[in-house]
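Residue numbers (this note's numbering), protein chains in the order written: chain C, 265 to 388; chain R, 3 to 323.
Idealized CB from N, CA, C, for every residue including glycine.
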Amino acid sequence: MRRLGELEAAIMDRLWTWSRPTRVREVLDDLRRERELAYTTVMTVMDNLHRKGLLARERDGRAYRYQATVSREDHTAGLMEAALASGGDRTAALLRLVHRMDPDEVAALRKALDEAHDGRGGQR
Amino acid sequence: MIPAGLLLAYALLTATLGAWWLRRAAWPQHAPRLGVAVWQALSVSTALSVVLASLVVTIPRGAVGAGFAELLRACVWALRAEYGAVGGPLMGAAGAAVGGGVAARAAYCLIRESAAAVRERRRHAALLAPVARLDTRLRALVVPCEAAAAYCLPGGHGRIVLTTGALDVLDPGQLTGVLAHERAHLRGRHHLAVGVAVALARAFPGVPVFRHAADQIPQLLEMLADDAAVRHGDRGAHAAALVALAARGGAPARALAAGGPEALARVRRLVAPRRPFGPVRRAAALIGVVALIALPIVVAAAPALAAAQTPHCPVEVSVLG
Numbered sequence: 265m266r267r268l269g270e271l272e273a274a275i276m277d278r279l280w281t282w283s284r285p286t287r288v289r290e291v292l293d294d295l296r297r298e299r300e301l302a303y304t305t306v307m308t309v310m311d312n313l314h315r316k317g318l319l320a321r322e323r324d325g326r327a328y329r330y331q332a333t334v335s336r337e338d339h340t341a342g343l344m345e346a347a348l349a350s351g352g353d354r355t356a357a358l359l360r361l362v363h364r365m366d367p368d369e370v371a372a373l374r375k376a377l378d379e380a381h382d383g384r385g386g387q388r
Numbered sequence: 003m004i005p006a007g008l009l010l011a012y013a014l015l016t017a018t019l020g021a022w023w024l025r026r027a028a029w030p031q032h033a034p035r036l037g038v039a040v041w042q043a044l045s046v047s048t049a050l051s052v053v054l055a056s057l058v059v060t061i062p063r064g065a066v067g068a069g070f071a072e073l074l075r076a077c078v079w080a081l082r083a084e085y086g087a088v089g090g091p092l093m094g095a096a097g098a099a100v101g102g103g104v105a106a107r108a109a110y111c112l113i114r115e116s117a118a119a120v121r122e123r124r125r126h127a128a129l130l131a132p133v134a135r136l137d138t139r140l141r142a143l144v145v146p147c148e149a150a151a152a153y154c155l156p157g158g159h160g161r162i163v164l165t166t167g168a169l170d171v172l173d174p175g176q177l178t179g180v181l182a183h184e185r186a187h188l189r190g191r192h193h194l195a196v197g198v199a200v201a202l203a204r205a206f207p208g209v210p211v212f213r214h215a216a217d218q219i220p221q222l223l224e225m226l227a228d229d230a231a232v233r234h235g236d237r238g239a240h241a242a243a244l245v246a247l248a249a250r251g252g253a254p255a256r257a258l259a260a261g262g263p264e265a266l267a268r269v270r271r272l273v274a275p276r277r278p279f280g281p282v283r284r285a286a287a288l289i290g291v292v293a294l295i296a297l298p299i300v301v302a303a304a305p306a307l308a309a310a311q312t313p314h315c316p317v318e319v320s321v322l323g
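Shown next as structure tokens:
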């Protein structure tokens, strides 16, 4: 599971950097400069990434050409947005340190913090 | 009928007055672990009482196999007498339906919610993998993202996730505290407690004790993790870390979806700490937890124990009796 995650990351990294339709063979050749991998391994992982919606593909002769569906930045931003959007409705999926709040609420937090510092004679 | 009535009255009391009292109490903030335990005890005793109430009107009617029934006929009669079973078989059927329904609904929602949480976590981890890098020194995944965020992804080994935005606003001492906070969540398996509370609230919407428990237990667990964070560090620095992360966390997607009041309570208790509970108050709270759960069991079992002492019942009760 962890190794698969690493390989997924390595493949996505290349497709994001190249940002053009790419064959499994090209990705494999580049990955092989770092480690020994089988063609079928890379093909399976890229097929998984396609099923997860991270890669789009089009047929090119007997193989597919793959391309990232969104840019690296958009992927990250969307992922964080989805992860952090939960404010009121809680699920146990992930536990967040502080939830999002509007500027007024942040100001109230600052005030509580400053009052405490003043109360202790300008500590810190 | 008396035990069933008592049990239902008890369930009503824990579900409404009990929840109302605990929600207004200030002490759970100062002893969050005990606060979580009492919320859980209130929730469990509410559900347990309803299920036991249905059992005590159902079981004496003898939902027993034929041969077995022959054998235990005298005993069943004794049980009926002790439980004061009145009303027709309709009452027994209604009792079975209510108790079975409550138990089945709770089990169904627990399974559904935990499956959904596991699925969501797996999906998130898979999407995170291509963009996050594992920082071996911090033992955390770092995601390039301007919005400041720190969270943990429980289950399996559990992972702490930090955005580069969060690393930007935290000084080294604060970062240590934030990591300790997240590790406390993972080590304590806090997601399980949150999961059960949320599932019960979804299973029985409108029951005050479940609704409030799902709201209060996560908050108290955050406070518990805050306490772990400041055990070796500065309380003021950790409070400042919460504020800094909140300020850079990005605007809430929806109005009223924000975590302001909860965060304010946490900052206040960090900067103005109280003495922790002494042994006396700690013992009192623990006795309360045990009593909350034991009481319905005793009420439900007392008539059975009395029946077991009649000569018709072939039950060895020398220890209990």
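CB contact flag (residue i, residue j, <8 Å)
i: C/Y330; j: C/L279; result: yes
i: R/P305; j: R/L9; result: no
i: R/S56; j: R/V120; result: no
i: R/S116; j: R/G190; result: no
i: C/L361; j: R/V180; result: yes
i: C/K316; j: R/A128; result: yes
i: C/A372; j: R/G262; result: yes
i: R/A216; j: R/A199; result: yes
i: R/A152; j: R/L164; result: yes
i: R/S47; j: R/I295; result: yes
i: R/V40; j: R/G208; result: no
i: R/L266; j: R/R237; result: no
i: C/A380; j: R/A98; result: no
i: C/V309; j: C/E272; result: yes
Residue i versus residue j - alpha carbon distance
i: R/T166; j: R/L14; result: 49 Å
i: R/Q176; j: R/A33; result: 23 Å
i: R/L92; j: R/L223; result: 45 Å
i: R/V66; j: R/A49; result: Because the pLDDT at R/V66 is just 43, under 50, the model does not fix this residue reliably, and the value given afterwards should be weighed accordingly. Computed Cα separation, rounded: 25 Å.
i: R/V211; j: R/T16; result: 7 Å
i: C/M307; j: C/V288; result: 6 Å
i: R/V292; j: C/E298; result: 59 Å
i: R/L226; j: R/P278; result: 12 Å
i: R/V145; j: R/C111; result: 33 Å
i: R/L36; j: R/P30; result: 7 Å
i: R/P132; j: R/A108; result: 37 Å
i: R/H214; j: R/P5; result: 27 Å
i: C/L294; j: C/R336; result: It is worth fixing the name first, because residue 294 of chain C is Asp in this sequence and not Leu. Cα to Cα, the separation comes out at about 19 Å.
i: C/I275; j: R/T138; result: 21 Å
i: R/A231; j: R/A105; result: 38 Å
i: C/R284; j: R/E184; result: 39 Å
i: R/A255; j: C/T340; result: Because the pLDDT at R/A255 is just 49, under 50, the model does not fix this residue reliably, and the value given afterwards should be weighed accordingly. If you take the alpha carbons of R/A255 and C/T340, they lie about 17 Å apart.
i: R/T60; j: R/T18; result: 26 Å
i: R/R135; j: R/L169; result: 14 Å
i: R/R25; j: R/L307; result: 36 Å
i: R/A118; j: R/P156; result: 13 Å
With 16 other Cβ atoms within 10 Å as the buried cut-off, status of residue i
i: C/D382; result: exposed
i: R/I1; result: Nothing about residue 1 of chain R can be read from this structure; chain R reaches only from 3 to 323.
i: R/R125; result: exposed
i: C/T304; result: exposed
i: C/L348; result: buried
i: R/G69; result: Unreliable positioning characterises R/G69 in this predicted model, as indicated by a pLDDT of 49, which lies under 50. A coordinate reading is not provided.
i: R/H193; result: buried
i: R/A28; result: exposed
i: R/R114; result: exposed
i: R/L202; result: buried
i: C/G352; result: Any reading at C/G352 must be qualified, since the residue scores a pLDDT of 40, below 50, and its modelled position is unreliable; the value itself is stated next. Per the 10 Å Cβ criterion, exposed.
i: R/G20; result: buried
i: R/A43; result: buried
i: R/V319; result: Below a pLDDT of 50, predicted positions are generally treated as unreliable, and R/V319, at 45, falls in that range; no measurement from the model is reported.
Beta-carbon separation (whole angstroms), residue i vs residue j, contact threshold 8 Å
i: C/M344; j: R/C154; result: About 15 Å; that fails the 8 Å criterion.
i: R/L244; j: R/R268; result: 6 Å
i: R/A150; j: C/L377; result: R/A150 to C/L377, Cβ: 16 Å. No contact.
i: R/A302; j: R/L54; result: 4 Å
i: C/A357; j: R/R204; result: Actually they do not touch by this definition, with Cβ atoms about 14 Å apart.
i: C/R364; j: R/G251; result: 5 Å
Test: residue i CB closer than 8 Å to a CB of chain A
i: R/L169; result: The chain inventory of the structure shown lacks chain A, comprising the protein chains C and R.
Cβ-heavy atom distance, residue i to the ligand FAD, below 7 Å
i: R/H126; result: In the structure shown, the ligand FAD is absent, as is every other ligand, since no ligand is present at all.
For the segment 210-279 of chain R, which segments carrying the alpha helix (DSSP H) assignment without a break, of at least 4 residues, lie completely within its bounds, in sequence order? 210-232, 237-249 and 262-273
Can you list the beta strand (DSSP E) stretches of 3 or more residues lying completely in the segment 127-211 of chain R, in chain order? With a minimum length of 3 residues, the continuous beta strand (DSSP E) runs that stay inside the segment 127-211 of chain R are 135-137, 142-145, 152-155 and 161-165.
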